[in-house]
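Novice: Residue numbers (the numbering used here): 1 to 300.
Ideal Cβ placement from N, Cα and C applies to all residues, glycine included.
1) Give me whichever residues DSSP pairs with residue 92 in a beta bridge.
2) With which residues is residue 213 paired in a DSSP beta bridge?
3) Would you say residue 270 and residue 208 are within 9 Å of each other, going by their C-beta atoms?
4) By a C-beta neighbour count over all protein chains shown, 10 Å radius and 16 as the cutoff for buried, is residue 300 buried or exposed?
5) Does DSSP put residue 33 in a helix, in a strand, or in coil?
6) Suppose contacts are defined by Cβ-Cβ distances below 9 Å. Is residue 256 in contact with residue 248 by that definition?
7) State yes or no: is the C-beta of residue 80 within less than 9 Å of the C-beta of residue 61?
8) Do you know how far the Cα of residue 147 is from the Cα of residue 117?
9) Taking only the alpha-carbon atoms, compute the straight-line gap between residue 29 and residue 134 and give it to the nearest angstrom.
10) Give the straight-line distance between the Cα atoms of residue 138 and residue 197, rounded to the nearest whole angstrom.
11) In its own chain, which residues sit with a C-beta less than 6 Å from the C-beta of residue 175, not counting the 5 before and 5 after it?
12) Helix, strand or coil for residue 247 per DSSP?
13) Could you check the C-alpha separation between residue 289 and residue 93 for me, to the nearest Å?
14) Leaving out five residues on either side along the sequence, give the residues of the same chain with a beta carbon under 6 Å from the beta carbon of residue 40.
15) Which class does residue 107 belong to by DSSP, given the choice of helix, strand or coil?
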């Protein structure tokens, strides 16, 4: 159970968007939770692999763009790297901007509409990876954009954290919805592929535990707020995996010291220093995730 240690800080920059758009929170039903725990057969060459997720899976800017232009999917992402390492038959439908609802419903991307991501899962699918949640309620985009804008008004203060006191229950609803949405998505996967191995991939560390840097222009007092928000998403992902009997790859732990402000960052700041997109993974992060997944799925 999440402690909501940061609950008092959790409504800040995302409040206007959430209140305008409403919060979509899937119903939790402990009696109907899926169970993927029996599907732990080692993945072998020739197995069918389907990758689901948002831009932290599609990896904009780290390779050649593939698929719908609006999805910003590249061939430098971790699904492509994993498929190459294990000689898997890959179907990658990850798409930038995706939310948990877009796993089971069509997603509008610019002028295009792409199918629900789980539609790519078929009965002969052997492996599914899923990384999703931070776009729910437009939270991530507002954290790195709106909070940065607020920082210009009070750079040494905590303007995002200050706003949190006005709507303390908004973000907890989002996190609960992420957990429930992932559990529902695992259920939809197993409905289509009852024997598929399902692995939930967590997000990396993006904001440092200590210190600040020019590449992440938040107000000094809002670094802890932002890190707390992102950590709640990761905890929601991990709890959903446990509830659904899916496996979980802990990218948060593996990326310690590689946040935007780190000496060897795995995530770009507002001005990328190498191939990549602002506030999104570099190739190093995608390679690390591929390695973690290879170690996980090569055994039971």
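Specialist: In short:
1) Walking along the chain shown from the start, residue 92 turns up at place 92. Within the DSSP bridge table, the entry for residue 92 names 51 as partners.
2) By 1-based counting over the chain shown, the position of residue 213 is 213. Per DSSP, 216.
3) Along the chain shown, one-based indexing puts residue 270 at 270. Along the chain shown, one-based indexing puts residue 208 at 208. For residue 270 and residue 208, no; Cβs fall outside 9 Å.
4) Position 300 of the chain shown, counted from the start, is the residue given in the question as residue 300. Its Cβ having fewer than 16 others within 10 Å, residue 300 is exposed.
5) Counting from one through the chain shown, the residue named residue 33 turns up at place 33. Three-state result, residue 33: coil.
6) On the chain shown, residue 256 is found 256 positions in, with the first residue counted as 1. On the chain shown, residue 248 is found 248 positions in, with the first residue counted as 1. In this structure, residue 248 does not lie closer than 9 Å to residue 256 by Cβ.
7) The residue you call residue 80 lines up with position 80 of the chain shown. The residue you call residue 61 lines up with position 61 of the chain shown. In this structure, residue 61 does not lie closer than 9 Å to residue 80 by Cβ.
8) Reading the chain shown from its first residue, position 117 is the one you call residue 117. Reading the chain shown from its first residue, position 147 is the one you call residue 147. Taking the straight line from one Cα to the other gives about 30 Å.
9) Here residue 29 refers to the residue found at position 29 when the chain shown is read from its first residue. Here residue 134 refers to the residue found at position 134 when the chain shown is read from its first residue. Any reading at residue 29 is ruled out, since the residue's pLDDT is 44, under 50, leaving its predicted position unreliable.
10) Residue mapping note: residue 138 aligns to position 138 of the chain shown, counting from 1. Residue mapping note: residue 197 aligns to position 197 of the chain shown, counting from 1. Those two C-alpha atoms are separated by around 29 Å.
11) If you number the chain shown from 1, residue 175 lands on position 175. Here the set comprises 232 and 236.
12) By one-based count along the chain shown, residue 247 stands at place 247. Taken through DSSP and simplified to helix, strand or coil, residue 247 comes out as strand.
13) Walking along the chain shown from the start, residue 289 turns up at place 289. Walking along the chain shown from the start, residue 93 turns up at place 93. Taking the CA atoms as reference points, residue 289 sits about 17 Å from residue 93.
14) Taking the first residue of the chain shown as 1, we reach residue 40 at position 40. 300.
15) Indexing the chain shown from 1 puts residue 107 at position 107. Note: residue 107 maps to strand in three-state DSSP.
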